[in-house]
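Trainee: Going by numbering that gives the first Met the number 0, 167 is the number at position 168 of the sequence shown; the sequence numbering is gapless.
Pasting a structure below so you can have a look.
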Amino acid sequence: MGQHEPVDAQKLRELDIRHHLHPFTTFAELAKTGSRIITRAEGCHLWDAEGNRILDGMAGLWCVNVGYGRERLARVAFEQMRELPYYNTFFQTATPPAIELAAELARLLPGGIDRIFYASSGSEANDTIVKTIWYYWNLMGRPEKKTIISRTLAYHGVGLGSGSLTGMSFMHEPFDLPLPRFVHIGNPYWFAEGGDLDPEEFGRVAAGWLEQKILEIGPDKVAAFVGEPVQGAGGVIVPPPTYWPEIQRICRKYDILLVADEVICGFGRTGRTWGSETFGIEPDMVAMAKGLSSGYQPIAAVGIGRRVGDVIFAAEKEYAHGVTYAGHPVACRVALENLRIMREEGLFERASGPVGRHFAARLAEFRDHPLIGEVRTCGFLAAMEIVEDKETRRPYPPERRVGFACREISIDNGLVMRAIRDAMVLAPPLTITEAEIDEMVDKARRSFDELARRLGR
Ligand SMILES: Cc1ncc(COP(=O)(O)O)c(C=O)c1O
Numbered sequence: 000m001g002q003h004e005p006v007d008a009q010k011l012r013e014l015d016i017r018h019h020l021h022p023f024t025t026f027a028e029l030a031k032t033g034s035r036i037i038t039r040a041e042g043c044h045l046w047d048a049e050g051n052r053i054l055d056g057m058a059g060l061w062c063v064n065v066g067y068g069r070e071r072l073a074r075v076a077f078e079q080m081r082e083l084p085y086y087n088t089f090f091q092t093a094t095p096p097a098i099e100l101a102a103e104l105a106r107l108l109p110g111g112i113d114r115i116f117y118a119s120s121g122s123e124a125n126d127t128i129v130k131t132i133w134y135y136w137n138l139m140g141r142p143e144k145k146t147i148i149s150r151t152l153a154y155h156g157v158g159l160g161s162g163s164l165t166g167m168s169f170m171h172e173p174f175d176l177p178l179p180r181f182v183h184i185g186n187p188y189w190f191a192e193g194g195d196l197d198p199e200e201f202g203r204v205a206a207g208w209l210e211q212k213i214l215e216i217g218p219d220k221v222a223a224f225v226g227e228p229v230q231g232a233g234g235v236i237v238p239p240p241t242y243w244p245e246i247q248r249i250c251r252k253y254d255i256l257l258v259a260d261e262v263i264c265g266f267g268r269t270g271r272t273w274g275s276e277t278f279g280i281e282p283d284m285v286a287m288a289k290g291l292s293s294g295y296q297p298i299a300a301v302g303i304g305r306r307v308g309d310v311i312f313a314a315e316k317e318y319a320h321g322v323t324y325a326g327h328p329v330a331c332r333v334a335l336e337n338l339r340i341m342r343e344e345g346l347f348e349r350a351s352g353p354v355g356r357h358f359a360a361r362l363a364e365f366r367d368h369p370l371i372g373e374v375r376t377c378g379f380l381a382a383m384e385i386v387e388d389k390e391t392r393r394p395y396p397p398e399r400r401v402g403f404a405c406r407e408i409s410i411d412n413g414l415v416m417r418a419i420r421d422a423m424v425l426a427p428p429l430t431i432t433e434a435e436i437d438e439m440v441d442k443a444r445r446s447f448d449e450l451a452r453r454l455g456r
């Protein structure tokens, strides 16, 4: 299909329903409604098959950090495909892009994290982390130290290991997960769980749940704690500033590895290169994906710090793990060029500069909206909580699907917002301008007003 040629949307929709199984979709529902088919994109905007122009408030799935339509990324992919479209990194071979990207990531990563293992998705990166945690403690002669603690409402992916780290019951129950040796504690979601505590106090209480769980299991059996600096798919849960320092202290006290899942927070999303920098976390390992290539190529990576890296590097044993496309040369070239663009345009810090402040200030206006109980922002991440009662923070009953309704209204108004329960979430490209933020706020306001009208408020 050529550029901008009209597509037969109806025909595509029929084929889609008949043959294409989508992730995270109720197929019976899809069969009735059909898909919205996205055909092209430029900057922060998408176009659907009907020609509607839609502001992408979610940067795809929190990933298109440099925005759409970057010729430079297309060009390096084309050049690399001509030169060397594929070669693997198994059995003591490598390609220049895989090596150069590893060195660049080692330069960017905090706290001496300087060894890089590649994967193709965030889920694979987190499965790699799970196996590497277990491998490390085996090499250390502590095979009983295997339980991994993560949090409810965590999202770490869908593999057997990464899906077990994930803390969403609707993702566990149909598939008999989590596997044994995965344990979840509560999360620092002050708006929903904080009650009468002030956020700082609640942050300390929520971190204390980790210590309680470690003592319950026995520190000799606990291998690691894994967490997103800001829980993204759980609803943009921005932890109180007291939370992470306390988590860090507890992990050190009980000799437990600390892993930061930077799949969303990495590469400038929170206003620093890493979410770990924003929250003062010193992780032993990090998972990254999404913003690494701004979604232009499927690529992910695990950054491994000295403590674990030196042990597995020195072992006289094969690291018997890896996927065909680990360090794919085209993906690595695109990621390198993407990081170059981010550096040249100041995108790693843009969310903490004037445009980031404009984003936070404009969204804060919704605190006065009759439907909105809380507005949370961290860099270019935001959540706006729709509630039935602002005073008591009482949500609507889930079966009313108020967030879902808001999302549909919003798309019809030309804005992609994501609904997580009834929190309306935004994570736009890091290139978003002040004028586009204003467009986003106008469209969001129209959507909240329309929803309020339908709810009789
Ligand atoms: C924090 C986090 N970790 C891991 C993943 C899984 O990544 P993928 O969908 O590439 O497997 C995601 C995806 O949204 C994520 O948000």
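By construction, the Cβ of each residue, glycine as well, lies at the ideal position given by its N, Cα and C atoms.
Among Arg456, Gly378, Arg342, which one has its Cα closest to the Cα of leucine 425?
Mentor: Translated into the one-based positions of the sequence shown, residue 425 becomes position 426. Ranking Arg456, Gly378, Arg342 by Cα distance to leucine 425 puts Gly378 first.
Trainee: Hey, out of Cys264, Gly265, Thr269, Pro282, whose CA is closest to isoleucine 255's CA?
Mentor: On the sequence shown, residue 255 is found 256 positions in, with the first residue counted as 1. The shortest C-alpha separation from isoleucine 255 is found at Pro282.
Trainee: Can histidine 320 and threonine 88 be called in contact, C-beta distance under 8 Å?
Mentor: What you label residue 320 is simply residue 321 of the sequence shown in a count that begins at 1. What you label residue 88 is simply residue 89 of the sequence shown in a count that begins at 1. No, these two residues do not count as a Cβ contact at 8 Å.
Trainee: Going along the chain, which residues of its own chain have a beta-carbon closer than 7 Å to the beta-carbon of methionine 0, five neighbours each way excluded?
Mentor: Here residue 0 is taken as the residue at index 1 of the sequence shown, counted from 1. Because methionine 0 carries a pLDDT of 46, less than 50, the predicted location of this residue cannot be relied on, and the following value inherits that uncertainty. Only Val6 meet the Cβ criterion.
Trainee: Once DSSP output is grouped into helix, strand and coil, what is the label at threonine 146?
Mentor: Residue numbering aside, residue 146 sits at position 147 when the sequence shown is read from its first letter. The answer is strand: DSSP assigns threonine 146 an E or B state.
Trainee: On a Cα-Cα basis, can you pick out the residue from Leu454, Ile408, Glu398, Glu390 that is closest to glycine 194?
Mentor: As a working mapping, residue 194 is identified with position 195 in the sequence shown. Minimum Cα distance to glycine 194 is reached at Glu390.
Trainee: Between the Cα of isoleucine 236 and those of Leu107, Ala205, Gly294, spot the shortest distance and give me the residue it belongs to.
Mentor: Residue 236 sits at position 237 when you count from the first residue of the sequence shown. Taking only the C-alpha atoms, the option nearest isoleucine 236 is Ala205.
Trainee: Between which two residues does the beta strand (DSSP E) carrying tyrosine 295 extend?
Mentor: By one-based count along the sequence shown, residue 295 stands at place 296. Here tyrosine 295 belongs to no beta strand (DSSP E), and DSSP marks it neither H nor E.
Trainee: Between isoleucine 457 and the rest of its own chain, which residues show a CB-CB distance below 8 Å, the 5 nearest in sequence each way excluded?
Mentor: Because the chain in this structure spans residues 0 to 456, residue 457 falls outside the shown range and cannot be described.
Trainee: Taking 8 Å as the cut-off, decide whether the C-beta atoms of leucine 11 and isoleucine 37 are in contact.
Mentor: As a position in the sequence shown, residue 11 is number 12, starting the count at 1. As a position in the sequence shown, residue 37 is number 38, starting the count at 1. In this structure, isoleucine 37 does not lie closer than 8 Å to leucine 11 by Cβ.
Trainee: Given this structure, state the Cα-to-Cα distance separating arginine 52 from glycine 42, to the nearest angstrom.
Mentor: Along the sequence shown, one-based indexing puts residue 52 at 53. Along the sequence shown, one-based indexing puts residue 42 at 43. Distance between the alpha carbons of arginine 52 and glycine 42 is about 12 Å.
Trainee: Pairing CB atoms from the segment 418-437 with CB atoms from the segment 390-406, are three or more of them under 8 Å?
Mentor: Short answer: they touch.
Trainee: Taking only beta-carbon positions, decide if aspartate 195 is within less than 8 Å of chain D.
Mentor: Absence of chain D from the displayed structure is noted, only one protein chain being present.
Trainee: Could you give the DSSP three-state label for glutamate 89: helix, strand or coil?
Mentor: Within the sequence shown, numbered from 1, the residue matching residue 89 stands at position 90. The sequence as given places phenylalanine at residue 89; glutamate does not occur at that position. Of the three classes helix, strand and coil, the one that applies to phenylalanine 89 here is coil, per DSSP.
Trainee: Have a look at glycine 413 and lysine 442 and give me their C-alpha separation to the nearest angstrom.
Mentor: Against the sequence shown, residue 413 aligns to sequence position 414. Against the sequence shown, residue 442 aligns to sequence position 443. Their Cα atoms are separated by approximately 7 Å.
Trainee: Would leucine 346 pass as a contact of threonine 430 if the rule is Cβ separation under 8 Å?
Mentor: Here residue 346 is taken as the residue at index 347 of the sequence shown, counted from 1. Here residue 430 is taken as the residue at index 431 of the sequence shown, counted from 1. It is a contact, given that the beta carbons lie within the stated cut-off.
Trainee: Tell me whether leucine 60, by its Cβ, gets closer than 7 Å to a heavy atom of ligand 1.
Mentor: In the sequence shown, residue 60 corresponds to position 61, counting from 1. Within the cutoff, so yes.
Trainee: Please report the residue range of the alpha helix (DSSP H) in which glutamate 433 lies.
Mentor: Here residue 433 is taken as the residue at index 434 of the sequence shown, counted from 1. 433-453 is the extent of the alpha helix (DSSP H) around glutamate 433.
Trainee: Does ligand 1 have a heavy atom nearer than 7 Å to the CB of asparagine 125?
Mentor: Position 126 of the sequence shown, counted from the first residue, corresponds to residue 125. It does: the Cβ of asparagine 125 is within 7 Å (strictly closer) of some heavy atom of ligand 1.
Trainee: Once DSSP output is grouped into helix, strand and coil, what is the label at alanine 286?
Mentor: By one-based count along the sequence shown, residue 286 stands at place 287. Strand at alanine 286.
Trainee: Give the straight-line distance between the Cα atoms of threonine 165 and arginine 342, rounded to the nearest whole angstrom.
Mentor: Your numbering for residue 165 matches position 166 in the sequence shown. Your numbering for residue 342 matches position 343 in the sequence shown. Roughly 32 Å between the two C-alpha positions.
Trainee: Between histidine 357 and glutamate 433, what straight-line distance do the alpha-carbon atoms span, to the nearest angstrom?
Mentor: Reading the sequence shown from its first residue, position 358 is the one you call residue 357. Reading the sequence shown from its first residue, position 434 is the one you call residue 433. If I take the Cα positions, the gap works out to 7 Å.
Trainee: Would DSSP call alanine 314 helix, strand or coil?
Mentor: Walking along the sequence shown from the start, residue 314 turns up at place 315. Coil, per DSSP.
Trainee: Quick one: grab the DSSP three-state call for methionine 383.
Mentor: Working through the sequence shown from its first residue, we reach residue 383 at position 384. Three-state result, methionine 383: strand.
Trainee: Please report the Cβ distance between alanine 97 and glycine 308, rounded to the nearest whole angstrom; I am assuming they are in contact, meaning their Cβ atoms lie under 8 Å.
Mentor: To locate residue 97, count along the sequence shown from 1; it is residue 98. To locate residue 308, count along the sequence shown from 1; it is residue 309. The Cβ separation is near 17 Å, so there is no contact.
Trainee: Are there any heavy atoms of ligand 1 lying less than 7 Å away from the beta-carbon of glycine 345, as far as the coordinates show?
Mentor: Residue numbering aside, residue 345 sits at position 346 when the sequence shown is read from its first letter. It does not: the Cβ of glycine 345 is nowhere closer than 7 Å to a heavy atom of ligand 1.
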